[in-house]
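Colleague: I have a structure here, written as structure tokens, and I will follow up with some questions on it.
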Amino acid sequence: MENFPVVDMKKLDGEERAATMGLIKEACENWGFLELVNHGISPELMDEVERMTKEHYKQCMEQRFKEMVEKKGLDKVESELDDVDWESTFFLRHLPVSNIADIPDLDDSYRKVMKEFAKDLEKLAEELLDLLCENLGLEKGYLKRVFYGSNGPTFGTKVSNYPPCPKPELIKGLRAHTDAGGIILLFQDDKVSGLQLLKDDQWIDVPPMKHSIVINLGDQLEVITNGKYKSVMHRVIAQPDGNRMSLASFYNPGSDALIYPAPELVEKEEEKNQLYPKFVFEDYMKLYAGFKFQAKEPRFEAMKAMESTVNLGPIATV
Ligand SMILES: O=C(O)CCC(=O)C(=O)O
Ligand SMILES: [Fe+2]
Numbered sequence: 025m026e027n028f029p030v031v032d033m034k035k036l037d038g039e040e041r042a043a044t045m046g047l048i049k050e051a052c053e054n055w056g057f058l059e060l061v062n063h064g065i066s067p068e069l070m071d072e073v074e075r076m077t078k079e080h081y082k083q084c085m086e087q088r089f090k091e092m093v094e095k096k097g098l099d100k101v102e103s104e105l106d107d108v109d110w111e112s113t114f115f116l117r118h119l120p121v122s123n124i125a126d127i128p129d130l131d132d133s134y135r136k137v138m139k140e141f142a143k144d145l146e147k148l149a150e151e152l153l154d155l156l157c158e159n160l161g162l163e164k165g166y167l168k169r170v171f172y173g174s175n176g177p178t179f180g181t182k183v184s185n186y187p188p189c190p191k192p193e194l195i196k197g198l199r200a201h202t203d204a205g206g207i208i209l210l211f212q213d214d215k216v217s218g219l220q221l222l223k224d225d226q227w228i229d230v231p232p233m234k235h236s237i238v239i240n241l242g243d244q245l246e247v248i249t250n251g252k253y254k255s256v257m258h259r260v261i262a263q264p265d266g267n268r269m270s271l272a273s274f275y276n277p278g279s280d281a282l283i284y285p286a287p288e289l290v291e292k293e294e295e296k297n298q299l300y301p302k303f304v305f306e307d308y309m310k311l312y313a314g315f316k317f318q319a320k321e322p323r324f325e326a327m328k329a330m331e332s333t334v335n336l337g338p339i340a341t342v
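Here you go:
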């Protein structure tokens, strides 16, 4: 089997640039996932983020998780559950407006480190969008502009812990889904594994690797690239031993951004019979909220049906 694509971003600066761009292209076309090393985010900062996230879990989240498990009887289930995930999470929003100051239980040093980490991730996300543009033959800045809408992109981090699970065959850490948004940057535990992606009908482990950032593509990039790149199903398997930490940062379009296939990527003969819809991102998110753990195709179909009843084009004045 082919190896999971690992991209050394340092090579983008030297004579291996073309080969590295080729690797990114291949990963986007065939995996929807890739793992970045030498991505420019300092290993010391990542170590701080990890240390503080694990400490915060112990101090503020673990007890709450155990009480939830007890209350719902999750440790005693006898058959597979498809409506619950074995995870403990909280969400930090960075853009358009940060909510870090409003999240209870975070100490000031953790807030400061997370802000710094988010700034670096935002920069990396935008750099990656331009690499994608280059590979797709789109003008530099195209994806960033599409995501901008009128208030800039939406960007946030889901901080998760997947505690040891006594029944991993019956409860998933996180059920299979594709991500709704744009580009996702994941800082995952380097010791406890669990993330898997679906490739050619097989679940494949995303290998833990110290100080790497795992990238995957969301539904919006599938629409904008007219299916040249696809969002890929993934899930987290809970482990019987060890607590897995992950920080998934979602760089998404702004709520009023208009999403549709880039005209350069639509073949002439496809124009009448477009595969993908045109919609406002927040409408997609409203739909996704209820159907996250289902296939994306019906979501695209529902947006198409909406498109035929709403005119998203310029308003005719004559
Ligand atoms: O925790 C992970 O590794 C993945 C999380 C994820 O896929 C998500 O939150 O959408
Ligand atoms: Fe996801």
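Each number in the working numbering comes from the position in the sequence shown (counting from 1) with 24 added on.
We put the CB at the ideal spot given by N, CA and C, even for glycine.
Small disclaimer: the values here were computed from a predicted structure and weren't measured.
1) So for valine 304, helix, strand or coil by DSSP?
2) Taking a contact to mean a Cβ-Cβ separation below 7 Å, would you say proline 177 touches phenylalanine 28 in this structure?
3) Taking buried to mean at least 16 other C-beta atoms within 10 Å of its own C-beta, is glutamate 111 buried or exposed?
4) For aspartate 144, which residues of its own chain have a beta-carbon under 6 Å away from its beta-carbon, when the five flanking residues on both sides are left out?
5) Locate the beta strand (DSSP E) running through isoleucine 207, then write down its first and last residues.
6) Beta-carbon distances below 6 Å to any heavy atom of ligand 1 define the shell here; list its residues in chain order, please.
7) Taking the beta carbon of glutamate 202 as the centre, do at least 16 other beta carbons fall within 10 Å, making it buried, or is it exposed?
8) Go ahead and label alanine 149 buried or exposed: buried means 16 or more other beta carbons lie within 10 angstroms of its beta carbon, across all protein chains shown.
9) When DSSP builds the beta bridges, which residues end up paired with tyrosine 275?
10) DSSP on phenylalanine 114, reduced to helix/strand/coil?
11) Considering phenylalanine 57, what are the terminal residues of the beta strand (DSSP E) in which it resides?
12) Look at phenylalanine 303 and methionine 269 and say whether their C-beta atoms are less than 7 Å apart.
13) Pull up the CB-CB distance for leucine 194 and leucine 105, whole angstroms please, since I reckon it's below 8 Å.
14) Is the number of C-beta pairs between the segment 291–309 and the segment 183–193 that are closer than 8 Å three or more?
15) Taking the C-alpha atoms as reference points, what is the distance between lysine 34 and leucine 198?
16) For aspartate 280, which three-state DSSP category applies?
17) Which same chain residues end up closer than 6 Å to leucine 130 when comparing Cβ atoms and leaving out the 5 residues on each side of it in sequence?
18) Please report the distance separating the alpha-carbon of leucine 60 from that of leucine 152.
19) Comparing alpha-carbon positions, which option in Phe114, Asp243, Pro120 lies nearest glutamate 321?
20) Would DSSP call glutamine 220 helix, strand or coil?
21) Of the choices Asp109, Met70, Val73, whose alpha-carbon is the least far from that of phenylalanine 89?
22) How many angstroms separate the CA atom of isoleucine 283 from the CA atom of aspartate 214?
Modeller: Per the coordinate set shown:
1) Three-state DSSP puts valine 304 in a strand.
2) No, the Cβ-Cβ distance between proline 177 and phenylalanine 28 is not below 7 Å.
3) Buried, since its Cβ has 16 or more Cβ neighbours within 10 Å.
4) Ile65, listed in sequence order.
5) Unbroken beta strand (DSSP E) run through isoleucine 207: 207–212.
6) Selection around ligand 1 by beta-carbon proximity, strictly under 6 Å to any non-hydrogen atom, yields Lys182, Ser184, Leu198, Asp203, Leu210, Gln212, Leu219, His258, Val260, Ser270, Ala272 in chain order.
7) Reading off the sequence shown, one finds threonine at residue 202, where the question assumed glutamate. Residue environment for threonine 202: buried (at least 16 other C-beta atoms within 10 angstroms of its C-beta).
8) With 16 or more other Cβ atoms within 10 Å, it is buried.
9) In the DSSP output, where bridge partners are listed per residue, tyrosine 275 has Phe179, Ile207.
10) Strand at phenylalanine 114.
11) 57–61 is the span of the beta strand (DSSP E), which, as asked, contains phenylalanine 57.
12) Result no, Cβ atoms of phenylalanine 303 and methionine 269 do not sit closer than 7 Å.
13) Contact between leucine 194 and leucine 105 holds: CB atoms are separated by about 6 Å, below the 8 Å threshold.
14) Not touching, per the Cβ criterion.
15) If you draw a straight line from the Cα of lysine 34 to the Cα of leucine 198, it is about 33 Å long.
16) The three-state reading of DSSP puts aspartate 280 in coil, since its state is none of H, G, I, E or B.
17) The beta carbon of leucine 130 sits closer than 6 Å to no other beta carbon from its chain once the five residues preceding and following it are set aside.
18) The straight-line gap from Cα to Cα measures roughly 11 Å.
19) Looking at the Cα atoms, Asp243 is the closest of the given residues.
20) In this structure, glutamine 220 counts as strand in the three-state DSSP scheme.
21) Distance check between phenylalanine 89 and each of Asp109, Met70, Val73 places Asp109 closest, using alpha-carbon atoms only.
22) So the two alpha carbons sit approximately 35 Å from each other.
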